[in-house]
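> Residue numbering for the sequence shown follows UniProt numbering, beginning at 1 and increasing consecutively.
After the structure tokens below, expect a handful of questions from me.
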Amino acid sequence: MRGAVAEVGEEEALIDVMGVGYVVRCGSRTLQRLPALGEEALLHIESQWSESAGLRLYGFGTREDRKAFVLLQAIQGVGPKAAMAVLDVLSPAELASAVAREDKAAVGRASGVGPKLALRIVTELKDKPITDGPVFLGAPATTPAAPAKPAPTGDAVAALMGLGVAEVNARRVVEAAAAKLGDEATVQALIKAGLQELGR
1 MRGAVAEVGE EEALIDVMGV GYVVRCGSRT LQRLPALGEE ALLHIESQWS
51 ESAGLRLYGF GTREDRKAFV LLQAIQGVGP KAAMAVLDVL SPAELASAVA
101 REDKAAVGRA SGVGPKLALR IVTELKDKPI TDGPVFLGAP ATTPAAPAKP
151 APTGDAVAAL MGLGVAEVNA RRVVEAAAAK LGDEATVQAL IKAGLQELGR
């Protein structure tokens, strides 16, 4: 999702995507790295639906952060809040390093993650590809990851969802439009083609 930062709270940010405001839950590391109000931000979104809370959007500064969030939640006992807490104290590279060293104390620094859950996280992530880069067994690397190139398809899907289109339908028509229009298609062109497809 790419849009202007409209508001930043303690646990979430309001992102304005072409006039539609999206409330995105973010960890403290992500919130601290957001640009100033009114400036454009790029967030990698993981959307989740529940009967009680409806649609919730979780935002991350990098694809690896989002990937680690999804991997963490696949572990029994780890919900969105605990997964966010782990990623607040450990970057994906640092998490991969902690898992490789079986360092459950590092994972246990996360708020709400006790020793048993930390051990389960380290054990279950042992053979999972948390990060695409090399895993350092020593001190964690401090070099920030380069920002990923924004994908117009993601912005187009987000915009259609903002118009009330179900995510599965939005993805279907945007992917079809992207295949037809090619890699150079703009967000606006994808949205227009998607709406035409939905109107058939």
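Where a beta carbon is used, it is the ideal one built from N, C-alpha and C, also for glycine.
Note that the structure is predicted; figures quoted are calculated from it, not measured.
For the beta strand (DSSP E) that L42 lies in, which residues bound it at each end?
Unbroken beta strand (DSSP E) run through L42: 40–42.
> Quick check on E7: does DSSP put it in helix, strand or coil?
DSSP places E7 in strand when its eight states are reduced to three.
> Measure the beta-carbon distance from M1 to G59 and round it to whole angstroms, keeping in mind my assumption that it falls under 8 Å.
M1 to G59, Cβ: 7 Å. Contact.
> Assuming residue 209 and V8 are in contact, meaning their beta carbons sit under 8 Å apart, how far apart are those beta carbons, in whole angstroms?
Absent from the structure is residue 209, since the part of the chain shown begins at 1 and ends at 200.
> With H, G and I counted as helix, E and B as strand and the rest as coil, what does DSSP make of A85?
Reduced to three states, the DSSP call for A85 is helix.
> If I follow the unbroken alpha helix (DSSP H) through R101, where does it start and stop?
Careful: R101 lies outside any alpha helix (DSSP H) and carries neither H nor E.
> Using the rule of at least 16 other Cβ atoms within 10 Å of the residue's Cβ for burial, across every protein chain shown, is T123 buried or exposed?
Label assigned to T123: exposed.
> Determine the direct distance from the alpha carbon of R109 to that of V99, and round the result to whole angstroms.
Approximately 14 Å between the Cα atoms of the pair.
> For L34, does the three-state DSSP call read helix, strand or coil?
It is coil, neither helix nor strand.
> Taking contact to mean 3 or more Cβ pairs, one atom from each stretch, closer than 8 Å, check whether the stretch 19–31 and the stretch 158–166 are in contact.
The answer is yes - the stretch 158–166 touches the stretch 19–31, with three or more Cβ pairs under 8 Å.
> Count the other C-beta atoms from every protein chain shown that fall within 10 angstroms of the C-beta of P152, then say buried if there are 16 or more, exposed otherwise.
Flag for P152 reads buried.
> Drop a sphere of 10 angstroms on the beta-carbon of T62, count the other beta-carbons inside from all chains shown, and report buried for 16 or more, exposed for fewer.
T62 comes out buried.
> Using DSSP's beta-bridge definition, name the partner residues of A13.
Note: A13 sits in a beta bridge opposite V8, V24.
> Return the CA-CA distance between A185 and G112, expressed in angstroms with no decimal places.
Taking the straight line joining both Cα atoms gives about 44 Å.
> Quick check on DSSP: helix, strand or coil for L125?
L125: coil per DSSP, three-state reduction.
> Is DSSP giving L117 helix, strand or coil here?
In this structure, L117 counts as helix in the three-state DSSP scheme.
> By DSSP, does S56 sit in helix, in strand, or in coil?
Note that residue 56 is Arg in the sequence shown, not Ser. Residue state, collapsed to three classes: strand.
> Do A85 and Q73 have their C-beta atoms closer together than 8 Å?
No, Cβ-Cβ distance for A85 and Q73 is not below 8 Å.
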